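Peer 1: Using the UniProt record's numbering, the first residue of the sequence shown is number 1, and each one after it goes up by one.
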Amino acid sequence: MIAFTTVFKPCFVAGPIKPSKLVVGKVAQSTQNQEKIEFTDPSLVEEHVAAAQNELAGKGVGICDELITLEVMSPDVCDLTLIDLPGIARVPVEGQPEDIGKQIKRLIMKYIKKHETINLVVVPCNTDIATTEALKMAQEVDPEGIRTLGNEPDLIDKGTEESILAVVHNKVIPLRKGYIMVKCRGQLQIDDKIPLEEAAQMERDFFQNHDYFRYLLKESKASIKSLAVKLTQDLVDHIKKSLPQLHEQIKKQLWNVKKALKDYEDGPPEDLEGAKDFLIKTLNGFNEEIKSLSSGELKLEKNMFAQLRAEFKKWNDYLNSTKTSCEYIFTFKNENYRGMELPGFMNYRIFQKILQDHVAKLKDPAMDLLNAIKGTIKHICFTQLEKAEKRISEQFKMENRIYTQDPIFLKFLSEITNETFSEKELPVFDKNCKYSQMLEAYYEIVVQRMADQLPLMINFYMLQETAQLVTTDIMKLVEKPDVHDLLSEDSDVSKRRNDLRARLNRLTSATKAIKKIY
C-alpha cells in the first residue's frame with residue numbers, strides 16, 4: 001500500500017475525452033532518484049502502477065512511504081493534484097505486519113495534517129457516518145472542518161435514502177465544505193473495462209432518474225464532475241487563504257537553502273584553464289587557512305590555542321610542584337653521596353649527578369605533554385610527532401650537561417639565600433651558603449628553561465614547520481598534469497549541490513509566482 005498521487009493537467013485544446021499523455025513516476029525521498037515512464041494508452045495505467053507498487057512495497061500487502069505519481073495531461077481534466085491514500089486496515093491479512101493498522105494511520109496522518117491540503121473523506125452510504133474512522137482522523141487534524149469535504153459513494157440500502165440525504169445536506173455531522181455524492185464504477189464495470197467517459201454518463205443518468213437524489217444533481221451535490229469542480233474551487237480558495245503563511249514558509253526555506261549552498265561553494269570548471277585557476281584559488285585559500293591556524297588567528301569550533309595554553313599551564317604547574325621537596329632531596333642526597341670530604345665540601349661530580357638524576361625524571365611528563373597536545377591537534381593532520389619527540393629527547397640530553405651563565409646562576413642563588421652574590425666575589429664558599437641551596441638555584445633555572453622550551457618546540461615543529469611543509473607540498477600540486485583528477489569530488493557532494501541548486505530555482509520561482517498574486 002502506497003500513497004498514490006494523481007496530477008491532472010489540462011492542455012486547453014479541443015479533442016476527445018481521453019488523455020493526450022500519461023506519466024507514471026516513482027518519487028523517492030530524494031529528487032535525484034525519480035523514475036518516469038511516459039505513454040499514451042490509458043489501458044497501461046494499471047500495469048505500470050502495479051509494477052511500481054511491487055518494486056517499492058513488495059508484491060502483495062506491503063506498505064511504503066514513498067509516492068507513485070500518475071500525471072494525466074488531457075484537454076478534459078481539471079488542474080488538480082489528488083493523493084489517494086490507502087484504506088484503513090484494522091486486522092492484518094496474511095503477510096502483513098501486526099501493526100499494519102498503525103502504519104497506515106501514520107502514513108495517512110503524514111498527509112492530512114498539512115494545512116495546504118483539503119481532506120476528502122470517503123464514507124460509504126451503507127455505513128453509519130458517526131462511526132467512520134476516516135472522518136474521526138480528519139476531525140483530529142481539522143477540528144473546525146475548514147479543509148474537510150465529505151464524499152458519499154453509492155452503496156445504498158433501500159429505505160435509507162432519507163437518512164443519506166440528511167447527511168449530504170449537512171444535518172448529521174456538519175462540515176463547512178459539506179458533502180458530495182458520487183456513483184463509483186462497480187466491480188463488474190471495471191472487469192468489463194467500461195471507459196471512464198461512459199461510466200460518467202451512466203452516473204449522470206443514475207442521479208437524473210433517481211426519485212430521491214435527482215435534486216442533489218441540480219444542487220451540484222452529486223456526480224464526479226460536481227466533485228471535481230468543487231475540489232478545484234475549494235483548493236484555489238484554500239491556497240489563496242494560505243498564501244501569506246506559504247509565502248513565509250518559502251522565504252524561510254529559501255534562506256536555509258542559500259545558507260546550505262554556501263557550504264558547498266561552486267564546483268570545479270570543466271575546461272582545463274578554468275580548472276587550473278580554480279585549483280590555484282582553492283590551494284591558496286587552503287594555504288591561508290593553514291597559516292592562520294598555525295599562528296592562532298583562525299578560530300575553530302573550539303579555540304585550539306586556548307586548549308594548548310591550558311596544557312602548557314599544566315606542564316608549568318607540574319614543574320613548579322617538583323621544586324617543593326628539592327631542599328629535602330638535595331640535602332638527603334648530599335649526605336648519601338658524601339665521601340671522605342670534610343664537612344662543608346662536596347665533589348662537583350656529585351653535585352652534577354644529583355641534578356642530572358632529578359632533571360631526568362622530567363622526561364616522561366614531558367612526553368605526556370606532547371601526547372596531550374597530539375590529541376588536541378591530530379584532526380588538523382599535523383604529522384611531525386616523531387620530529388618533536390626527537391627534539392625533546394635531545395633537549396633532555398643537553399640538560400644532562402649542567403650549564404648556565406654565571407650571572408643567571410648567581411641571581412637565582414641570591415634570591416634563594418637572601419644574600420648578594422657577585423661575579424667579582426667568586427668562589428662563593430666563604431659566604432653563608434649551602435650546597436642544597438646551590439642545587440635549588442640551578443634547578444630553578446632548569447624549571448624556567450623547560451617551562452618555555454617545550455611549548456616552543458611543540459609550537460614550532462607541530463604547528464609552524466608543518467604548516468610550511470604542507471604549503472610547499474600543496475603548491476607542487478599545481479605543476480601536476482592531472483588537474484581534473486585532483487579536482488574530482490565525491491559524487492554525493494555533487495548530487496547534494498545540484499539538489500540544492502534545483503531547490504533554489506524552484507523556491508525562487510515559487511516566490512516570484514506568489515508575489516504576482518499576493
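Glycine is no exception: its CB is placed at the ideal position from the N, C-alpha and C atoms.
All values reported here derive from a predicted model rather than from experimental measurement.
#1: Does Val257 pass the burial test, meaning 16 or more other C-beta atoms within 10 Å, or should it be called exposed?
#2: Terminal residues of the continuous alpha helix (DSSP H) containing Leu410?
#3: If you pair each beta-carbon of the region 225 to 242 with each one of the region 504 to 512, do three or more pairs fall below 8 Å?
#4: Please report the residue range of the alpha helix (DSSP H) in which Ile108 lies.
#5: Cα separation between Cys125 and Asn498?
#6: On a CA-only basis, which of Cys64, Arg496, Cys78 is nearest Tyr264? Give me that one, please.
#7: With DSSP run on the structure shown, which of helix, strand or coil describes Leu362?
#8: For Asp230, tell me which candidate among Lys113, Lys114, Gln448, Tyr179 has the shortest Cα-Cα distance.
#9: Could you give the distance in angstroms between the alpha-carbon of Met457 and the alpha-carbon of Phe396?
#10: Under 7 Å Cβ to Cβ from Asn418, same chain only, skipping five residues before and after it: list those, please.
#11: Quick check: Val141 and Ile112, are their CB atoms within less than 8 Å of each other?
#12: Within this structure, are the beta carbons of Ala451 and Trp255 separated by less than 8 Å?
#13: Do Leu135 and Thr232 have their C-beta atoms within less than 8 Å of each other?
#14: Check for me: the beta strand (DSSP E) holding Ser393 runs from which residue to which?
#15: When the Cα atoms are used, what is the spatial distance from Ala51 to Asp191?
#16: Let me check understanding here. Comparing Cα to Cα, which of Leu507, Pro42, Leu70, Asp473 lies closest to Leu283?
#17: Just verifying my parser: in three-state terms, what is the DSSP assignment at Gly285?
#18: Where Gln307 and Thr322 are concerned, what is the direct C-alpha to C-alpha distance, given to the nearest angstrom?
#19: Thr148 and Val121 - do their beta-carbons sit closer together than 8 Å?
#20: Identify which residue in Lys114, Gly159, Met398, Leu56 has its Cα closest to the Cα of Leu355.
#21: Out of Glu94, Pro42, Ile83, point me to the one whose CA is closest to Ser74's CA.
#22: Using the three-state DSSP reduction, which class does Glu66 fall into: helix, strand or coil?
#23: Jot down the residue ranges of each uninterrupted beta strand (DSSP E) in the region 155 to 241, minimum 3 residues, whole runs only, in chain order.
#24: Here's a check: name, in chain order, each residue in its chain whose Cβ is nearer than 8 Å to the Cβ of Asn170, leaving out the five neighbours to either side.
#25: Pick from Ala260, Lys225, Ala310, Ser242: whose alpha carbon is nearest that of Thr117?
#26: As a quick exercise: from Ile83, Ile100, Met367, Ile445, pick the residue whose alpha carbon is nearest that of Leu454.
#27: Please classify Ala360 as buried or exposed, where buried requires at least 16 neighbouring CB atoms within 10 angstroms.
#28: Mind checking Tyr443: buried by the 16 CB within 10 Å criterion, or exposed?
#29: Assign Gln187 to one of two classes, buried (16 or more other C-beta atoms within 10 Å of its C-beta) or exposed (fewer than that).
Peer 2: From the atom records:
#1: Looking at its Cβ environment, which holds 16 or more other Cβ atoms inside 10 Å, Val257 is buried.
#2: Per DSSP, Leu410 is one residue of the alpha helix (DSSP H) stretching across 406 to 417.
#3: Short answer: they don't touch.
#4: Where Ile108 is concerned, the enclosing alpha helix (DSSP H) starts and stops at 100 to 112.
#5: 50 Å
#6: Closest in alpha carbon position to Tyr264, among Cys64, Arg496, Cys78, is Arg496.
#7: coil
#8: Just to set this straight, residue 230 is Lys in the shown sequence, not Asp. Here the closest residue by C-alpha is Tyr179.
#9: Answer to the nearest angstrom: the Cα atoms are 13 Å apart.
#10: So the list is empty, once near-sequence residues are dropped.
#11: yes
#12: Going by beta carbons, Ala451 and Trp255 fall outside the 8 Å limit.
#13: Taking 8 Å as the Cβ cut-off, Leu135 and Thr232 do not qualify as a contacting pair.
#14: First-last for Ser393: 385 to 399, but that is the alpha helix (DSSP H), not the beta strand (DSSP E).
#15: 19 Å
#16: Asp473
#17: helix
#18: Going by the C-alpha atoms only, they are around 23 Å apart.
#19: yes
#20: Closest option to Leu355, Cα to Cα, is Met398.
#21: Pro42
#22: strand
#23: 179 to 181
#24: Gly178, Tyr179
#25: Ser242
#26: Just measuring C-alpha positions, the residue of Ile83, Ile100, Met367, Ile445 sitting nearest Leu454 is Met367.
#27: exposed
#28: Counting Cβ neighbours within 10 Å, Tyr443 comes out buried, since at least 16 surround it.
#29: exposed
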